[in-house]
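Peer 1: Take the sequence shown: its position 239, counted from the start at 1, is 239 in UniProt numbering, and no numbers get skipped.
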Amino acid sequence: MMNYGFIVFGVFMGIGFTYVVYELGRPNYDKDGNVIEDEFSNLPFFEQIYKRVRRELNYYTKLVQEPSREKLLPDPLKYPFMQPPYTLILEMTDLLVHPEWTYQTGWRFKKRPGVDQFLEAVAPPQFEIVIYTAEQGMTVFPILDALDPHGYIMYRLVRDATRFIDGHHVKDLAALNRDLSKVIVIDWNEKSVKMNPENAFRIPRWTGNDDDTTLYDLAAFLKTISTSNVDDVRDVLNYYRQFGNPLETFRENRRKLLMQMEEEQNKAQQGSSQVLTSRWKPSFLRNR
Numbered sequence: 001m002m003n004y005g006f007i008v009f010g011v012f013m014g015i016g017f018t019y020v021v022y023e024l025g026r027p028n029y030d031k032d033g034n035v036i037e038d039e040f041s042n043l044p045f046f047e048q049i050y051k052r053v054r055r056e057l058n059y060y061t062k063l064v065q066e067p068s069r070e071k072l073l074p075d076p077l078k079y080p081f082m083q084p085p086y087t088l089i090l091e092m093t094d095l096l097v098h099p100e101w102t103y104q105t106g107w108r109f110k111k112r113p114g115v116d117q118f119l120e121a122v123a124p125p126q127f128e129i130v131i132y133t134a135e136q137g138m139t140v141f142p143i144l145d146a147l148d149p150h151g152y153i154m155y156r157l158v159r160d161a162t163r164f165i166d167g168h169h170v171k172d173l174a175a176l177n178r179d180l181s182k183v184i185v186i187d188w189n190e191k192s193v194k195m196n197p198e199n200a201f202r203i204p205r206w207t208g209n210d211d212d213t214t215l216y217d218l219a220a221f222l223k224t225i226s227t228s229n230v231d232d233v234r235d236v237l238n239y240y241r242q243f244g245n246p247l248e249t250f251r252e253n254r255r256k257l258l259m260q261m262e263e264e265q266n267k268a269q270q271g272s273s274q275v276l277t278s279r280w281k282p283s284f285l286r287n288r
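1) Return the residue from the list Ser41, Ala174, Ile15 that minimises the CA-CA distance to lysine 182.
2) With H, G and I counted as helix, E and B as strand and the rest as coil, what does DSSP make of tyrosine 50?
3) Starting from valine 170 and walking both ways along the beta strand (DSSP E), at which residues does that stretch end?
4) If alanine 161 and leucine 72 are in contact, beta carbons under 8 Å, what's the gap, nearest whole angstrom?
5) Are the beta-carbon atoms belonging to valine 122 and isoleucine 131 less than 8 Å from one another?
6) Going along the chain, which unbroken runs of the beta strand (DSSP E) with 3 or more residues stay wholly within the segment 187-244?
7) Could you name the residues of the same chain whose beta carbon sits closer than 6 Å to that of asparagine 177, not counting the 5 residues immediately before and after it, in chain order?
8) So what does isoleucine 89 bridge to, in DSSP terms?
9) Where DSSP assigns a beta bridge to glutamate 100, which residues make up the other side?
10) Ends of the beta strand (DSSP E) at leucine 157?
11) Do the CB positions of phenylalanine 127 and leucine 43 come within less than 8 Å of each other?
12) Can you give the Cα-Cα distance for tyrosine 86 and isoleucine 184, rounded to whole angstroms?
13) Under 8 Å, do histidine 169 and alanine 134 count as touching if we go by C-beta distance?
14) Starting from phenylalanine 250, trace the alpha helix (DSSP H) both ways and give me its first and last residue.
15) How would you label aspartate 145, buried or exposed, when you count the other beta carbons within 10 angstroms and need 16 or more for buried?
16) Based on the DSSP output, what are the partners of arginine 163 in its beta bridges?
17) How do the segment 251-267 and the segment 110-119 stand: do at least 3 beta-carbon pairs fall below 8 Å, yes or no?
18) Would the segment 144-159 and the segment 186-193 be scored as touching if the rule is three or more Cβ pairs under 8 Å?
19) Rounded to whole angstroms, how far is the Cβ of proline 125 from the Cβ of proline 84, which I believe are closer than 8 Å?
20) With distances taken Cα to Cα, identify the nearest neighbour of leucine 96 among Phe40, Glu39, Leu215.
21) Using the Cβ count rule (16 or more neighbours within 10 Å means buried), how would you classify threonine 93?
22) Taking its Cβ as the centre, do 16 or more other Cβ atoms sit within 10 Å of isoleucine 36, making it buried, or is it exposed?
Following this line, the structure appears as structure tokens:
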């Protein structure tokens, strides 16, 4: 009985394979039923089929591996509209929300603590916020509609905007149509940003714990870059990339800086706020 089942299965697989080869290998026809000649029409019959099949398979492979378009974002806004000076690329899954599954509810997405405050803190005109994820659009769009009722997120890029490299969907920042000296990508997965590691700022992956405060520190870090008018964000990101926990290093730098500012204020009762600001900017983004 089992052998009979395998035979039936093999027959159906053979029929299916033959149909696919026929559909991919046959020439196209016009509305009158006449053959439309292509570059393979003058070749022997079986060679025509082989080369058409290979062409179609290469097309579909490219469709999966490469972004669906050359420019992932429209051109920057022009006057009289205001284009934010920096572009902030955010992963969605396990950075802003965490998927959870139970028998009672099925799949649900839990908001990371501080998401609302974070989006408001870095919203335009400070940053052009873009969600860039390998999730499918049918999953992403309803979640973001609920997560961002105020419309702080300007653009949404999903799986068809990634490159499929070595079995992983990778974000291609070069295709964003933005100046990469002003682009920051926040992610927890090193593989997802391996094409542009100099623009990446990695934070811990959120697994759903309610005591997480990462987004509050991240907002402070990003606002520091924005208010400091950093010319090339890659310089700052490169400095913090050397540390195992960049946000922890940033918190420590900020703590030391505040202590130093307090000491200087105590020593100089009439200290100039301009002097304090000029000394504050570089030390806040780099260890002194």
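The beta-carbon is built from N, C-alpha and C at its ideal position, and this holds for glycine as well. Predicted model only: the values in this text are computed from it and were never measured.
Peer 2: Concretely, from the data shown:
1) On the sequence shown, residue 182 is found 182 positions in, with the first residue counted as 1. Ranking Ser41, Ala174, Ile15 by Cα distance to lysine 182 puts Ala174 first.
2) Looking up residue 50 in the sequence shown gives position 50. Here tyrosine 50 sits in helix by DSSP.
3) If you number the sequence shown from 1, residue 170 lands on position 170. Note, valine 170: beta strand (DSSP E), 168-170.
4) As a working note, residue 161 is residue 161 in the sequence shown. As a working note, residue 72 is residue 72 in the sequence shown. Correct: roughly 5 Å between the Cβ atoms.
5) Numbered from 1 along the sequence shown, position 122 holds the residue referred to as residue 122. Numbered from 1 along the sequence shown, position 131 holds the residue referred to as residue 131. Contact: no.
6) 200-202
7) Locating residue 177 in the sequence shown gives position 177, where the first residue counts as 1. For asparagine 177, where only same-chain residues beyond five positions count, the Cβ hits under 6 Å are Lys71, Leu73.
8) Looking up residue 89 in the sequence shown gives position 89. BP columns for isoleucine 89 point to Val130, Val185.
9) Numbered from 1 along the sequence shown, position 100 holds the residue referred to as residue 100. In the DSSP output, where bridge partners are listed per residue, glutamate 100 has Arg108.
10) Within the sequence shown, numbered from 1, the residue matching residue 157 stands at position 157. Leucine 157 -> beta strand (DSSP E) spans 153-157.
11) Against the sequence shown, residue 127 aligns to sequence position 127. Against the sequence shown, residue 43 aligns to sequence position 43. For phenylalanine 127 and leucine 43, no; Cβs fall outside 8 Å.
12) Reading the sequence shown from its first residue, position 86 is the one you call residue 86. Reading the sequence shown from its first residue, position 184 is the one you call residue 184. Using only the alpha carbons, I get a separation of about 8 Å.
13) Mapped onto the sequence shown, residue 169 falls at position 169. Mapped onto the sequence shown, residue 134 falls at position 134. In contact: histidine 169 and alanine 134 (Cβ atoms closer than 8 Å).
14) Working through the sequence shown from its first residue, we reach residue 250 at position 250. Note, phenylalanine 250: alpha helix (DSSP H), 246-267.
15) Position 145 of the sequence shown, counting from 1, holds the residue named residue 145. Exposed.
16) For the purposes of this step, residue 163 is taken as the residue at position 163 of the sequence shown. Paired residue(s): Val170.
17) no
18) no
19) Here residue 125 refers to the residue found at position 125 of the sequence shown. Here residue 84 refers to the residue found at position 84 of the sequence shown. With 8 Å as the limit, proline 125 and proline 84 qualify as a contact, their Cβ atoms being about 5 Å apart.
20) Position 96 of the sequence shown, counting from 1, holds the residue named residue 96. The shortest C-alpha separation from leucine 96 is found at Leu215.
21) For this step, residue 93 is matched to residue 93 along the sequence shown. By the neighbour-count rule (16 or more Cβ atoms within 10 Å), threonine 93 is buried.
22) Start at 1 with the first residue of the sequence shown, and residue 36 comes out as number 36. Result: exposed.
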